[in-house]
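Following: one structure in C-alpha cells, then a few remarks.
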Amino acid sequence: NAGVTQTPKFQVLKTGQSMTLQCAQDMNHEYMSWYRQDPGMGLRLIHYSVGAGITDQGEVPNGYNVSRSTTEDFPLRLLSAAPSQTSVYFCASGRPTLGYTFGSGTRLTVV
Amino acid sequence: AQSVTQLDSHVSVSEGTPVLLRCNYSSSYSPSLFWYVQHPNKGLQLLLKYTSAATLVKGINGFEAEFKKSETSFHLTKPSAHMSDAAEYFCVVTPPRSSARQLTFGSGTQLTVLP
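Chains as they are written, first to last, in the working numbering: chain R, 357 to 467; chain U, 586 to 700.
In C-alpha cells, the structure reads:
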C-alpha cells in the first residue's frame, strides 16, 4: 500500500542514548517533514526537506538531525536523548497546499 | 505571519446529532486550510482542504467545511455524528505556494460521541 512508513512504532531510550527514527514514502513526494506531538500543543515542526539533499529547520530543531539522501527516505536522528524528547513523532510527505500523508507515528519515551 | 485557533478543546455530541468544530485563522495572505483527523494511536488523516476554489468544501465521511473570509473562519460540520467519528481533529493553515515551514497546526479538538 502506498503511504508513509515509520519505524519503530515504540521505543524506550535512556538519557544520553542516540537513535534514528526511520521514515520512508513511496509516493515520490518532494516534501517530507518530521513533527512531534505533545498533549495540548498540536504538532510542531522539527525539520523538513523539499527534496533530496535539501533540509531545513522547523520550529523545534534542537537535539535532532536529519538528512535526505534519496527522495524516499528521511531519517530523524536523536543525538543524545533527553526526557524532554519524550513524545510521539510523526513523519509526513506531500505538498503543503495539497495536503500531507502522515505515518502512523513513533511513540518515544526517554527515561 | 499566520495562526490558527480551535475554539473548543473538547466537544461532546450524541450519536445522530450534528457536529460543529470551530476554527478561526489569521493570515497575511489568502491561505490554504485543512482539517485532519487523528484516531487514537493513529497518524493524521486528511479530511478536507480549501485551496481558493469553492468556499464550501466536502470531505470524507460526510464532513464539510465552509471558508468564510469575512469571519476568518473554517468551521467543520457533519449533519449526523457516528460513533466512529470520535477522534481528535486539527485545523491547519498555510499560505499559498508555501514551504513546509509555514504549515501551522491548531491545538486540536477532541470529539466525543455519546451513544
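Virtual Cβ for every residue (Gly too), placed ideally from N, Cα, C.
- Residue-chain proximity (R/S460, chain U), Cβ-Cβ < 8 Å: Residue numbering aside, residue 460 of chain R sits at position 104 when the first sequence is read from its first letter. Cβ-Cβ to chain U under 8 Å: yes for R/S460.
- Task: Please name the residue in R/L454, R/Y456 and R/F430 whose C-alpha comes closest to that of R/I410.
- Result: For the purposes of this step, residue 410 of chain R is taken as residue 54 along the first sequence, with counting starting at 1. Among R/L454, R/Y456 and R/F430, the Cα nearest to that of R/I410 belongs to R/F430.
- Check the C-beta distance from R/V422 over to R/S405 and give it rounded, since I have them as a contact under 8 Å. Taking the first sequence and counting its residues from 1, the one referred to as residue 422 of chain R is at position 66. Taking the first sequence and counting its residues from 1, the one referred to as residue 405 of chain R is at position 49. Rounded, the Cβ-Cβ distance is 7 Å, consistent with contact.
- Query: Mapping DSSP to helix, strand and coil, what is R/N421?
  - Reply: Residue mapping note: residue 421 of chain R aligns to position 65 of the first sequence, counting from 1. Looking at R/N421 - three-state DSSP - the assignment turns out to be strand.
- Of the residues U/T694, U/L699 and U/V678, the one placed nearest U/Y614, counting alpha carbons only: As a working mapping, residue 614 of chain U is identified with position 29 in the second sequence. Selected option, being the one with the closest Cα: U/V678.
- Who are the neighbours of U/L631 on chain R, taking C-beta pairs under 8 Å? For the purposes of this step, residue 631 of chain U is identified with residue 46 of the second sequence, where counting begins at 1. Chain R residues near U/L631: G455, Y456 and T457.
- So, are the CB atoms of U/R649 and U/T640 less than 8 Å apart? For this step, residue 649 of chain U is matched to residue 64 along the second sequence. For this step, residue 640 of chain U is matched to residue 55 along the second sequence. The sequence shown places Glu at residue 649 of chain U, not Arg. Contact flag unset, no.
- Message: Looking at chain R, is there any beta carbon in it that lies within less than 8 Å of the beta carbon of U/S665?
- Response: By one-based count along the second sequence, residue 665 of chain U stands at place 80. Chain R, which has no Cβ nearer than 8 Å to the Cβ of U/S665, makes this no.
- Leaving out five residues before and five after R/V467 in sequence, what residues of the same chain have Cβ atoms less than 8 Å from its Cβ? Counting from 1 along the first sequence, the entry for residue 467 of chain R is found at position 111. Around R/V467: V368, L369, K370, T371 and P439.
- On the DSSP bridge assignment, give the partners of U/H595 in chain order. One-based indexing of the second sequence puts residue 595 of chain U at position 10. DSSP output for U/H595 lists U/Q695 as bridge partner(s).
- In chain R, what lies closer than 7 Å to U/G693 by C-beta? One-based indexing of the second sequence puts residue 693 of chain U at position 108. Residues of chain R passing the Cβ test: G398.
- Message: Give me, in chain order, the residues of the same chain whose beta-carbon lies closer than 8 Å to that of R/G359; leave out the 5 immediate sequence neighbours on both sides.
- Response: Along the first sequence, one-based indexing puts residue 359 of chain R at 3. Excluding residues within five positions, the ones whose Cβ falls inside 8 Å are Q381, D382, M383, T457 and G459.
- Assuming U/Y621 and U/F675 form a contact by the criterion Cβ under 8 Å, report the distance between their Cβ atoms to the nearest whole angstrom. Sequence index remark: in the second sequence, residue 621 of chain U carries index 36 (1-based). Sequence index remark: in the second sequence, residue 675 of chain U carries index 90 (1-based). Confirmed, about 5 Å.
- Sequence-distant residues of the same chain with beta carbon closer than 7 Å to U/A672, five excluded per side: In the second sequence, residue 672 of chain U corresponds to position 87, counting from 1. Answer for U/A672: V622, Q623, H624 and L696, listed in chain order.
- Query: Since R/F430 meets chain U, which of its residues come closer than 8 Å, beta carbon to beta carbon?
  - Reply: For the purposes of this step, residue 430 of chain R is taken as residue 74 along the first sequence, with counting starting at 1. By Cβ distance, chain U contributes nothing, its closest Cβ being about 11 Å from R/F430, past 8 Å.
- Message: Run through chain U and tell me which residues come within less than 8 Å of R/F446, C-beta to C-beta.
- Response: Here residue 446 of chain R refers to the residue found at position 90 when the first sequence is read from its first residue. The contacting residues are G628 and L629.
- Message: Quick check on the burial criterion: 16 or more other C-beta atoms within 10 angstroms. Buried or exposed for U/K654?
- Response: Indexing the second sequence from 1 puts residue 654 of chain U at position 69. U/K654 is exposed by the Cβ-count criterion.
- Just the chain R side, please: which residues come within less than 8 Å of U/F619 by C-beta, in chain order? Here the question's residue 619 of chain U lines up with position 34 in the second sequence. Neighbours of U/F619 on chain R, chain order: G455.
- Give me the Cβ distance between R/L401 and R/G414, rounded to the nearest whole Å; I'm assuming they're in contact under 8 Å. As a working note, residue 401 of chain R is residue 45 in the first sequence. As a working note, residue 414 of chain R is residue 58 in the first sequence. With 8 Å as the limit, R/L401 and R/G414 qualify as a contact, their Cβ atoms being about 3 Å apart.
- Query: In terms of residues, what are the limits of the beta strand (DSSP E) holding U/A672?
  - Reply: Counting from 1 along the second sequence, the entry for residue 672 of chain U is found at position 87. Unbroken beta strand (DSSP E) run through U/A672: A672 to T679.
- Assign U/M668 to one of three DSSP states: helix, strand, or coil. In the second sequence, residue 668 of chain U corresponds to position 83, counting from 1. Looking at U/M668 - three-state DSSP - the assignment turns out to be helix.
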